[in-house]
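Here the structure is laid out as structure tokens; the discussion comes afterwards.
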Amino acid sequence: MRKNYLAILLASLCLNSIHAQRHVKEADLLYMDDGSLYVGTILNRSVEKNFLLNTGDTINVDPFEIHKRRRLVNVTMHRRGKFHFRRGQFVYIYSGGGGDGTSGTSMIAGVLGNRFSKRLSAGLGVSLDYYTETVAGFWVEHAFTTPFGYGRLYLTDTKTRLYFDARLGYALQRSSFFTEDHSNGVNIQPGLGIHFASRNKVKFHLNMAGNWQYVTANSVDPGFFGSGPVELDYSIWQSQVIFTFGIEAW
Amino acid sequence: MMLITKSRLLLTISIFLVAAFVSCDGLEEVKITYTEANAIYGDLEAIRNTPLNAAPRSISNAGKIFMTDQILLIGEESEGIHVYDNSDPSLPTPILFMQIPRNREFFISEDFIYAESVYDMLKIDFSDPQNPRINTRIPFAFGEELTNGQGETLIGFNYELVTREIDKEDDLFNYLSLNDNFAYYDFSQRLIPPSAVPASFSGSSGGQIGSINKIAVQDGHLYTVSRSQLSVYQTAPFTQLMRENVGSNLETVYPFNNRLFIGTNNSVEIFNVEDPAQPQYESSYWHATSCDPVLPVSEETAYATLRTGDFAACPGDINALIVLGLSHQRGDVREIQEIPMESPYGLTMIDNLLYVGEGENGLKIFDAASEQNLRLIKHDKNIKAYDVLPHPSRANYLLVAGPTGLVQYKLSDDQYLPLSTISF
Chain P
26 MRKNYLAILL
36 ASLCLNSIHA
46 QRHVKEADLL
56 YMDDGSLYVG
66 TILNRSVEKN
76 FLLNTGDTIN
86 VDPFEIHKRR
96 RLVNVTMHRR
106 GKFHFRRGQF
116 VYIYSGGGGD
126 GTSGTSMIAG
136 VLGNRFSKRL
146 SAGLGVSLDY
156 YTETVAGFWV
166 EHAFTTPFGY
176 GRLYLTDTKT
186 RLYFDARLGY
196 ALQRSSFFTE
206 DHSNGVNIQP
216 GLGIHFASRN
226 KVKFHLNMAG
236 NWQYVTANSV
246 DPGFFGSGPV
256 ELDYSIWQSQ
266 VIFTFGIEAW
Chain V
31 MMLITKSRLL
41 LTISIFLVAA
51 FVSCDGLEEV
61 KITYTEANAI
71 YGDLEAIRNT
81 PLNAAPRSIS
91 NAGKIFMTDQ
101 ILLIGEESEG
111 IHVYDNSDPS
121 LPTPILFMQI
131 PRNREFFISE
141 DFIYAESVYD
151 MLKIDFSDPQ
161 NPRINTRIPF
171 AFGEELTNGQ
181 GETLIGFNYE
191 LVTREIDKED
201 DLFNYLSLND
211 NFAYYDFSQR
221 LIPPSAVPAS
231 FSGSSGGQIG
241 SINKIAVQDG
251 HLYTVSRSQL
261 SVYQTAPFTQ
271 LMRENVGSNL
281 ETVYPFNNRL
291 FIGTNNSVEI
301 FNVEDPAQPQ
311 YESSYWHATS
321 CDPVLPVSEE
331 TAYATLRTGD
341 FAACPGDINA
351 LIVLGLSHQR
361 GDVREIQEIP
371 MESPYGLTMI
381 DNLLYVGEGE
391 NGLKIFDAAS
401 EQNLRLIKHD
411 KNIKAYDVLP
421 HPSRANYLLV
431 AGPTGLVQYK
441 LSDDQYLPLS
451 TISF
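As you go down the protein sequences, you meet chains P and V in turn. Under our numbering, the residues of the first sequence are numbered 26 to 275, in order. Under our numbering, the residues of the second sequence are numbered 31 to 454, in order.
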């Protein structure tokens, strides 16, 4: 297979020559055995032993020293070969939660989306959410499966990109032994996140968001200290600052 | 630079929109429903000196019912016991009213009525139904008296179902469980609470024991359960032998051979009473929270009804008749059969038939010839029954306590014909 790698025209020369981000519509990345990385374009696939590269210019690369090759389309390249995609579909999976002494939120979510521009991405997702809350001093629990729409707006174009994102969904209640008798409800989750560039297609996110879940529920405490049952009927916004860790691929 | 400025503008607008949305307090509402208990204080000595016998009066809030060959006793919740001459079941005639303040539960054994009255346990000589008299009083059998700051004695609570709107941040749980509620907690745990069944049979002189009792007698020993305590008394001489915490939310007690079956709101607790003065925990069967009378019918089998829907007493969402298999081996209780029901209350065995009161939903009769394989043979929706008991000496007579009162039926040609009704 290595014989198929021929010449590369370096659009940005080698790794060390890249000092700032730049838009690359198409690029080949050559990961060499010695750890170096070339970014450019393969000019010639027919030469067996030497590769003609262009650095303005053209250089030769020994195909037997190539560890791995990757072809990228529509990316923003950064130092050390790290990049962000600017277009294309993506899968984003994130999980996390938050809480304090009176309430807690945890969730795991997946999004299938599309990058419409270098700034704007959007998609559809589904999330498994679990909430604990204190209502009038009573500990209550709610669980949902939430289909949602997702949007992300990048605020910077740096190697570590800052973005504003939000999801808007309609949470479908899930019942379990521990949860109250509760209804479906609207879910809103605006957040601020950072998206780390990487040298491969898998990239990491850290995000801080506010999560609001509307829930109507009925909860019966069978009695404590012999006082008899207490019934709560409530409609509340369950709000929480949450922190999530995400992985995005493709 | 332009890109970031626009983005920040969008971000700011979004945050404002979310903040405005979430701050709509009108979207939030919290309602709480609970039974509010208001303390009743009284003069304990005056209560104890209340004359026992009084003129007959009408029944307004029936409680426990006990039947002998000739006499019918009907409890008046928190006030005493109505005594009827029932020698003619078609025409029960009131004899007198026994005033027993704060009484809810009683049981009759060998011409003696055992009844609770606030903190005390009473043994009443009933050998002459025209003139019963207190034989023995065990003061403070359920615990020392509780008093308020003015030295008044707490003698009970009035209960009222309350629904009100509160703030989500109100810490009502701590308010209800702490603060000034220690007295309520202490009182309600130790003293016998109201029954979850409006009217039910305590038993009969024929040896029948009601399945919804909090007081029962067997082999010269009396057992009582409050919400958390099991007490054991020797009937002659009438003395208290022990009083111990054995659990929470205790509801019923039923002695059967060498075992004591205690129904709680989420379990059936079985105690060994080979030594009747010292019940020993043997095993448990756990179930969903509900009201659950227990009726053991043999060494191998017991029946329990699980009822929910009555908010104050029986919250939850299960209604069923459960067949439990009992093993002679310690700790082995298993569910054999679960039969969905509508609103099961008390139950009783007559010959090989199991009668289960379904309250407003009628009376169900099961063939229990194979005691671990019940089969519904009749559902009479016309007989509204909380509890059922056979007449102690007339085999074809059936007593039914229901929403409208106590009805005595005579079985004729497979039909139950009402003989008399005492309304309450």
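The beta-carbon is built from N, C-alpha and C at its ideal position, and this holds for glycine as well. Keep in mind that this is a model prediction, so the values were computed, not measured.
Rounded straight-line distance, which links the Cα of residue j to that of residue i
i                   : j                   : result
phenylalanine 142/V : aspartate 150/V     : 16 Å
aspartate 73/V      : methionine 371/V    : 45 Å
isoleucine 89/V     : serine 453/V        : 8 Å
alanine 92/V        : proline 223/V       : 15 Å
tyrosine 117/P      : isoleucine 133/P    : 11 Å
asparagine 165/V    : lysine 153/V        : 5 Å
valine 276/V        : leucine 260/V       : 6 Å
threonine 451/V     : valine 353/V        : 32 Å
tyrosine 239/P      : proline 172/P       : 14 Å
glutamate 388/V     : phenylalanine 231/V : 15 Å
aspartate 125/P     : tyrosine 119/P      : 21 Å
glutamine 367/V     : glycine 174/P       : 48 Å
isoleucine 380/V    : alanine 332/V       : 15 Å
threonine 455/V     : phenylalanine 187/V : With chain V represented from 31 up to 454, any question about residue 455/V goes unanswered, as that position is not in the structure.
leucine 436/V       : isoleucine 104/V    : 9 Å
glutamine 219/V     : serine 278/V        : 8 Å
isoleucine 395/V    : asparagine 243/V    : 21 Å
glutamate 175/V     : serine 147/V        : 12 Å
asparagine 79/P     : arginine 199/P      : Because asparagine 79/P sits at a pLDDT of 43, beneath the cut-off of 50, its placement in the model cannot be relied upon, and the point is left open.
methionine 272/V    : threonine 282/V     : 18 Å
glutamate 158/P     : alanine 69/V        : 32 Å
glutamate 401/V     : leucine 351/V       : 13 Å
arginine 47/P       : glycine 106/P       : 11 Å
DSSP beta-bridge partners of residue i
i                   : result
aspartate 410/V     : Leu393/V
aspartate 417/V     : Ala431/V
glutamine 263/P     : Gln238/P
proline 122/V       : According to DSSP, which records beta bridges pairwise, proline 122/V is partnered with nothing at all.
leucine 354/V       : Ala332/V, Glu365/V
proline 285/V       : Leu290/V
tryptophan 164/P    : Thr159/P
asparagine 209/P    : For asparagine 209/P, which the question treats as bridged, DSSP gives no partner whatsoever.
phenylalanine 268/V : Thr265/V
isoleucine 76/V     : A quick correction: the sequence has alanine, not isoleucine, at residue 76/V. Alanine 76/V is not bridged to any residue.
isoleucine 185/V    : In the DSSP output, where bridge partners are listed per residue, isoleucine 185/V has none listed.
glutamine 445/V     : Ser442/V
valine 298/V        : Gly293/V, Tyr315/V
glycine 124/P       : Gly129/P
serine 157/V        : Looking at the DSSP assignment, serine 157/V forms no beta bridge with any residue, so it has no partner.
Within chain C, the residues that residue i reaches when beta carbons sit closer than 7 Å
i                : result
isoleucine 196/V : Protein chains P and V are contained in the structure displayed, whereas chain C is not.
CB contact check: residue i to chain V, cutoff 8 Å
i                : result
leucine 231/P    : no
isoleucine 261/P : yes
aspartate 190/P  : no
valine 255/P     : yes
aspartate 125/P  : no
aspartate 258/P  : yes
lysine 107/P     : no
Closer than 8 Å to chain P by CB, residue i
i                   : result
threonine 282/V     : no
valine 60/V         : yes
tyrosine 64/V       : yes
phenylalanine 203/V : yes
leucine 57/V        : yes
aspartate 200/V     : yes
Cβ pair residue i, residue j closer than 8 Å
i                : j                   : result
threonine 281/P  : isoleucine 261/P    : Given a span of 26 to 275 for chain P in the structure shown, any question on residue 281/P remains unanswerable.
valine 363/V     : proline 374/V       : no
arginine 111/P   : threonine 101/P     : yes
isoleucine 138/V : proline 159/V       : no
alanine 274/P    : phenylalanine 141/P : no
leucine 419/V    : methionine 128/V    : no
serine 256/V     : leucine 290/V       : no
alanine 196/P    : glutamine 214/P     : no
glycine 271/P    : phenylalanine 221/P : no
tyrosine 259/P   : valine 60/V         : yes
threonine 269/P  : glycine 121/P       : yes
alanine 1/V      : isoleucine 239/V    : Residue 1/V cannot be examined here, being either before or after the span of chain V that is shown, 31 to 454.
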